[in-house]
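Asks: I am attaching a structure below and will ask some questions about it afterwards.
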Amino acid sequence: MIDGDGTGNDYGISLNDRSNNIIRNCDIREFSGIWGSNWGHGKIIHLTRVNNITVINNIIHDGNNAIGIGMTGSHNCSIIGNTIYNMGSTDGHTYNGIEIDGLWTSTSTSNLISGNNITSNGRGIWLRGSSNNILKNNIVNSNDYGIVLSDSSNDELSENIVCNNTNMDIDNGGTENTGDNNTCDTTWNWNDDGIENGCTFRCDGTACDFDNDYYVKSICVGNDCNDNNASINPDATEICNGVDDDCDGLTDAEDPDLTPCTDDGVGCTDDVCQAGACQHIVNDSNCPADAWTDTGNTRWVDDSPCTEREQKEQEFRDYYCHATLGCQYTVTGTQWVDTGATRNKQDGTVCTDDGVGCTDDVCQAGACQHIVNDSNCPAAGTCVGTTGYVWAGICDLIGGCTTEPAPEEVCDNIDNDCDGEIDEGGVCPRFYAAQDIPISNNGGIINNYTYTKDSDNQSADITERESGGKPSDRYTYLEHKWTIDVTGGYASYVFHIEAHHTANLEGDDFVFAYSTDNIIYHDMVTVTKTTDDDTYQTFTFPDTISGTVYIRVKDLDQTPTHIYKDTIYIDHMYIEACGELSNEPPYKPSNPDPANGAANVTLNPALSVYVSDPDGDTMDVSFYDEFDTLIGTNAGVSSGSRAFVVWSGLEASTTYGWYAVQQRRDKHIRHMVTHNHKRRIWRHVCLGYFME
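Note that the sequence shown ends on residue 708 in the numbering used here; no numbers are left out.
Right, dumping it as structure tokens:
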């Protein structure tokens with residue numbers, strides 16, 4: 017508890033120019049303020065020019081002329097789960113629960129105010145001159161004002177309950193502030209996203225836009241005359257349906273904005289609005305006279321495989337008008353009549369097949385042609401089922417598509433040889449055990465790591481050891497480790513193990529795990545087999561790995577009195593890489609010159625760094641001052657050499673800063689080295705850590 021006892025006119029907690037602090041679980045009460053002191057008035061929690069401060073789960077109450085939490089010129093702070101009440105006034109000014117100020121010093125941005133309960137204050141939450149802050153899930157009730165945004169922009173209010181505040185629940189005096197799913201009754205210049213005015217919910221739980229048509233009901237100070245129907249709102253179109261669709265108090269024909277009844281598709285009816293519905297009144301004069309009539313349908317019929325003649329369809333129609341079906345007619349006869357027009361079928365129309373699968377049998381200039389088309393053959397390299405052959409992509413008028421043998425398999429995640437398998441036959445790199453690692457519980461070893469490199473039924477055999485202690489407490493156990501050196505940069509890596517162990521009645525099996533630091537191990541496979549069936553168990557590593565990988569095997573049963581010494585037989589063990597080797601980024605620039613601690617440096621120093629790339633790529637190296645202004649660029653620098661620029665016009669006894677950016681010319685990968693230059697001292701900093 018921090019108690020001002022009703023007389024303290026300082027701050028309960030004050031942080032100035034601080035970062036990464038937490039104020040938690042405090043009860044802070046009865047502090048007084050003096051209007052005009054410091055940057056405005058007293059505050060129980062006072063935060064000025066702070067960054068990444070968290071104020072969480074505090075109770076702040078009974079302030080006298082004081083603000084509960086006041087913050088100015090601060091960024092990236094979180095005010096979460098606090099209870100703030102009774103920030104009283106005896107001097108005629110307003111004192112607030114939470115005040116985020118950006119007017120007195122500099123703006124406050126990117127702060128989170130969430131889950132707070134704020135009651136009985138001047139303003140519950142006041143943001144002024146601040147931007148990009150988030151107010152979420154707060155309860156702001158029974159204050160003079162609920163949430164006030166003054167000269168603030170781009171702030172977000174969501175899921176807050178702001179009710180029973182004397183003058184206004186939400187007062188938006190800023191620009192481009194947004195929010196959604198808030199609860200309130202009274203607002204100024206505020207609407208939640210997607211509605212015309214006010215909050216999504218009223219304080220009695222009423223949904224202001226129940227039908228989700230943007231317009232809100234009158235109780236929410238809106239213009240929707242029927243909030244249960246999304247098709248009825250001030251923006252709707254008045255149609256003939258007996259309903260005031262556009263909420264102007266006029267219905268159907270009373271409304272000059274009525275949309276005329278649309279034609280129902282019945283050609284002989286007159287369409288009028290009567291009794292709340294469009295009526296379709298029969299009018300026989302709208303129907304045509306009886307006659308032979310062209311239907312408008314035409315057709316082309318074959319004259320030969322590549323020519324056609326045109327016909328048109330005619331009907332004799334006896335017309336009459338039906339009340340609902342419109343103009344109807346009885347067809348007493350139909351006929352197709354030649355128009356006299358003829359034409360060649362479109363070039364490319366399929367005609368008689370010549371029996372050669374890769375030729376195009378098509379019409380050209382009215383004659384059926386059989387044209388060789390290589391594109392009808394699969395492209396060279398395409399597999400045909402699993403036969404192991406590819407099409408050459410060449411069409412012969414007599415023999416059809418030709419074939420040729422498939423290429424050899426290579427490590428590229430593609431079935432090159434068309435046998436239905438990818439990267440088989442050992443084409444992908446395999447990495448084998450490089451050594452056994454001695455440990456205290458190695459077990460008895462027959463044959464070392466070299467016996468794990470081939471599937472030849474000659475295995476590395478490791479037998480459990482018996483523990484010490486009383487006979488009733490003894491058990492057998494085993495742990496053994498190997499290292500495998502893995503080249504990084506491939507798409508993925510798979511662990512393969514061909515192993516089995518002796519049969520036992522104790523239920524003991526052996527688990528293989530991996531580690532990249534010999535500290536934290538991750539289980540891969542459990543060997544339960546007790547016979548050598550020449551099959552592998554596999555594990556795909558979750559991340560791309562490189563360098564030294566530690567492989568460990570341990571037994572799973574260490575129950576006291578279980579002292580049968582099992583043996584694990586490892587016939588074949590390796591890690592296989594899949595996919596092509598990727599290009600690596602350049603190494604970080606190093607060995608900056610002038611060196612660290614150099615004194616009496618010339619006023620026109622030559623700046624240089626050593627650069628290199630694991631793939632030997634050429635690089636561009638740019639040098640910048642501490643204000644990110646380009647000093648110069650050394651282009652086309654070879655890997656394993658130094659990049660230079662001259663920095664001219666420096667002044668004596670002045671502090672300067674510079675850094676270098678190394679960029680591979682084709683990959684746009686950058687590394688930085690930063691330097692602070694004082695006339696007598698050089699200090700080198702590399703990506704946030706010191707290179708002393």
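Heads up, the beta-carbon is just placed ideally off N, CA and C, and yes, glycines get one too. In this text the structure is predicted, and so the values were computed from the model without any measurement.
#1: Start and end of the beta strand (DSSP E) containing C393?
#2: On the three-state DSSP scale, how would you describe Y465?
#3: What residue ranges within the region 562–599 form continuous alpha helix (DSSP H) runs of no fewer than 4 residues, ordered along the chain?
#4: Which runs of the beta strand (DSSP E) at least 3 residues long sit entirely within the region 476–558? Give them in chain order.
#5: Okay, do the region 666–675 and the region 619–639 touch, 3+ Cβ pairs below 8 Å being the bar?
#6: Go ahead and pull the three-state DSSP assignment for S35.
#7: Determine the DSSP secondary structure at C236, reduced to helix, strand or coil.
#8: Just how far apart, CA to CA, sit K604 and C411?
#9: Could you check whether the region 564–576 touches the region 428–439, counting it as contact only if at least three pairs of C-beta atoms, one from each stretch, sit closer than 8 Å?
#10: Please list, in chain order, all residues of the same chain as Y580 whose beta carbon is under 7 Å from its beta carbon, the five residues on each side excluded.
#11: What three-state label does DSSP hand A82 in the structure shown?
#12: Take D208 and list the residues in its own chain whose beta-carbon comes closer than 6 Å to its own, dropping the five residues that flank it on each side.
#13: Tell me the rounded alpha-carbon separation between T554 and Y467.
#14: Would DSSP call G302 helix, strand or coil?
#15: Does the region 125–142 touch the region 92–99, meaning 3 or more C-beta pairs lie closer than 8 Å?
#16: Pop quiz: I44 and I60 are said to be a contact at Cβ under 8 Å. What is the actual Cβ separation, rounded to whole angstroms?
#17: To test your reading of the DSSP string, which unbroken alpha helix (DSSP H) runs of 4 or more residues are found completely within the region 333–389?
#18: V543: buried (16+ other C-beta within 10 angstroms of its C-beta) or exposed?
#19: Determine, using beta-carbon pairs with one atom in the region 322–333 and one in the region 352–361, whether at least three such pairs fall under 8 Å.
#20: May I ask you to report which of helix, strand or coil DSSP gives D268?
#21: Using CA atoms only, rank isn't needed, just tell me which of S531, T564, D571 and L572 is closest to P558.
#22: In the structure shown, what three-state DSSP assignment does I211 receive?
#23: In or out: I85 buried (at least 16 other Cβ within 10 Å) or exposed?
#24: Shortest alpha-carbon distance to I235 belongs to which of D227, A246 and R218?
#25: Assuming the contact rule is C-beta atoms closer than 8 Å, N159 and G140 should be a hit. Round their C-beta distance to whole Å, please.
#26: Tell me whether T355, by its Cβ, gets closer than 6 Å to a heavy atom of the ligand FMN.
#27: Tell me where the beta strand (DSSP E) around T99 begins and ends.
#28: For V627 and Q451, I'd like the C-alpha separation in whole angstroms.
#29: Within 10 angstroms of its Cβ, does D262 collect 16 or more other Cβ (buried), or is it exposed?
#30: Got a sec? Which residues, its chain only, sit under 7 Å from E437 by beta carbon, not counting five neighbours each side?
#31: Take every Cβ of the region 150–167, pair it with every Cβ of the region 181–193, and state whether three or more of those distances are shorter than 8 Å.
#32: Which partner residues does R325 have in the DSSP bridge list?
#33: With respect to the beta strand (DSSP E) encompassing I186, which residues constitute its N-terminal and C-terminal limits?
#34: Rounded to the nearest angstrom, what separates S320 and V378 at their Cα positions?
#35: Ignoring anything shorter than 3 residues, give me the beta strand (DSSP E) runs that lie fully in the region 595–664, in order along the chain.
#36: Nearest by alpha-carbon distance to T499: which of K545, N228, L413 and I567 is it?
Replies: Let me spell this out:
#1: No beta strand (DSSP E) contains C393, which DSSP labels as neither H nor E.
#2: helix
#3: none
#4: 476–479, 495–502, 508–517, 526–531, 538–543 and 553–556
#5: yes
#6: strand
#7: helix
#8: 55 Å
#9: no
#10: T492, N520 and E522
#11: strand
#12: G195, D196, N198, C215 and T216
#13: 19 Å
#14: According to the sequence provided, residue 302 is Asn. The question's Gly does not apply to it. N302 falls in the helix class under three-state DSSP.
#15: yes
#16: 5 Å
#17: none
#18: buried
#19: yes
#20: helix
#21: S531
#22: coil
#23: buried
#24: R218
#25: 4 Å
#26: The model on display carries no ligand, and the ligand FMN is accordingly not part of it.
#27: T99 to G104
#28: 34 Å
#29: buried
#30: D431
#31: yes
#32: V317 and T358
#33: M184 to T191
#34: 13 Å
#35: 606–609, 622–627, 635–641, 646–653 and 657–662
#36: I567
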